[in-house]
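Per the UniProt record's numbering, the sequence shown starts with residue 1, numbered consecutively.
Here the structure comes first, spelled out in structure tokens, and everything after it is commentary.
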Amino acid sequence: MSDLVAIIYPSEAKAEEVRQRLLKLQKEYLISISDAVIAAKTEAGPVKLNQLVNTTAVGAVSGSFWGLLIGLIFLNPLLGVALGAASGALGGALSDYGIDDAFMKELSEKLQPGNAALFVLIKNMTPDKVLREIQDAGGTVLKTSLDDTKEQQLRDALAKAATAPVPPETNAA
1 MSDLVAIIYP SEAKAEEVRQ RLLKLQKEYL ISISDAVIAA KTEAGPVKLN QLVNTTAVGA
61 VSGSFWGLLI GLIFLNPLLG VALGAASGAL GGALSDYGID DAFMKELSEK LQPGNAALFV
121 LIKNMTPDKV LREIQDAGGT VLKTSLDDTK EQQLRDALAK AATAPVPPET NAA
């Protein structure tokens, strides 16, 4: 069973930085992620989703391949590619992979303009090592499906970053 974790960050760039850290940890087999989406609330108000997988592009590529193949059979490969790409892109745009888009947009409406929420669907993880890697980024837990003790560990780890003193900047002469 997968767990959902949604954390609010002060900017989309900060959320992207944490997502990249998690993807790096996935390469080290410390976490297994099904989906990781950033929902950013723009200054104008609407919520923009930054998906990990662009289903429209994937659909267009696979549709192009199948369209070319069918087009070759019927001696019109260019028409087959065009129709295949269009139908594949449409199918990809209409499909939803991982976390439900409507759910993310609904939760993200609560964000302040300029803030972003990182939604992560986690298959499994080594909690102590993952928390150690992301705790200095801070953030506020928006929602989780973790059990109460794991959720409290996450909240405590992120709160440490908020209360940690900021190191003084060094000026090079």
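Every residue gets a Cβ at the ideal spot worked out from N, C-alpha and C, and that includes glycine.
As the structure is a computational prediction, the values presented were derived from the model and not from experiment.
(message) Considering only the alpha carbon of each residue, which of SER108, TYR9, ASP156 and ALA36 lies closest to ASP2?
(response) On the sequence shown, position 2 is the one that residue 2 refers to. Here residue 2 is Ser; the residue named in the question, Asp, does not match the sequence. Comparing alpha-carbon positions, the option among SER108, TYR9, ASP156 and ALA36 lying closest to SER2 turns out to be ALA36.
(message) I'd like to check one pair, TYR9 with residue 247: are the Cβ atoms closer than 8 Å?
(response) Since the first and last residues shown for the chain are 1 and 173, residue 247 lies out of range.
(request) With a threshold of 16 other CB atoms inside 10 Å of the CB of ALA157, please say whether the residue is buried or exposed. (result) Within the sequence shown, residue 157 is the residue found at index 157, counting from 1. Within 10 angstroms of the beta-carbon of ALA157 lie 16 or more other beta-carbons, which makes it buried.
(request) Would you mind giving the Cβ-Cβ distance between VAL18 and ILE134, rounded to the nearest angstrom? I have them listed as a contact below 8 Å. (result) Indexing the sequence shown from 1 puts residue 18 at position 18. Indexing the sequence shown from 1 puts residue 134 at position 134. With a Cβ gap of about 6 Å, VAL18 and ILE134 count as contacting.
(message) Tell me the rounded alpha-carbon separation between LEU49 and SER108.
(response) Here the question's residue 49 lines up with position 49 in the sequence shown. Here the question's residue 108 lines up with position 108 in the sequence shown. C-alpha separation (whole angstroms): 10 Å.
(request) Please state whether DSSP places VAL44 in a helix, a strand or coil. (result) Translated into positions along the sequence shown, residue 44 becomes position 44. Sequence inspection shows Ala at residue 44; the Val mentioned does not correspond to that position. Under the three-state reduction of DSSP, ALA44 is assigned to coil, being neither helix nor strand.
(request) Give the secondary structure of SER108 by DSSP, where H, G and I count as helix, E and B as strand, and everything else as coil. (result) Position 108 of the sequence shown holds residue 108. Here SER108 sits in helix by DSSP.
(request) Return helix, strand or coil for LEU25, following the three-state DSSP convention. (result) Within the sequence shown, residue 25 is the residue found at index 25, counting from 1. Note: LEU25 maps to helix in three-state DSSP.
(message) Helix, strand or coil, according to DSSP, for THR126 in the structure here?
(response) Within the sequence shown, the letter at position 126 stands for residue 126. Reduced to three states, the DSSP call for THR126 is coil.
(message) Can you list, in chain order, the residues of its chain with a C-beta nearer than 6 Å to that of ASP136? Leave out the 5 residues immediately preceding and following it.
(response) The residue you call residue 136 lines up with position 136 of the sequence shown. The residues are ALA161.
(request) Check SER95 in the structure and name its three-state DSSP category. (result) As a working note, residue 95 is residue 95 in the sequence shown. In this prediction, SER95 scores a pLDDT of 48, lower than 50, which makes its location untrustworthy; no coordinate-derived value is stated.
(message) Tell me which residues share the same chain as GLU151 and place their Cβ nearer than 8 Å to its Cβ, disregarding the 5 neighbours each side in the sequence.
(response) Residue numbering aside, residue 151 sits at position 151 when the sequence shown is read from its first letter. Annotation for GLU151: VAL141 and THR144 place their beta carbon closer than 8 Å to its own, counting only its chain and skipping 5 residues before and after.
(message) Rounding to the nearest angstrom, what Cα-Cα distance links ALA93 and PHE119 in this structure?
(response) Locating residue 93 in the sequence shown gives position 93, counting from the first residue. Locating residue 119 in the sequence shown gives position 119, counting from the first residue. Legend: pLDDT at ALA93 = 49, less than 50; position of this residue unreliable, value from coordinates given subsequently. Using only the alpha carbons, I get a separation of about 20 Å.
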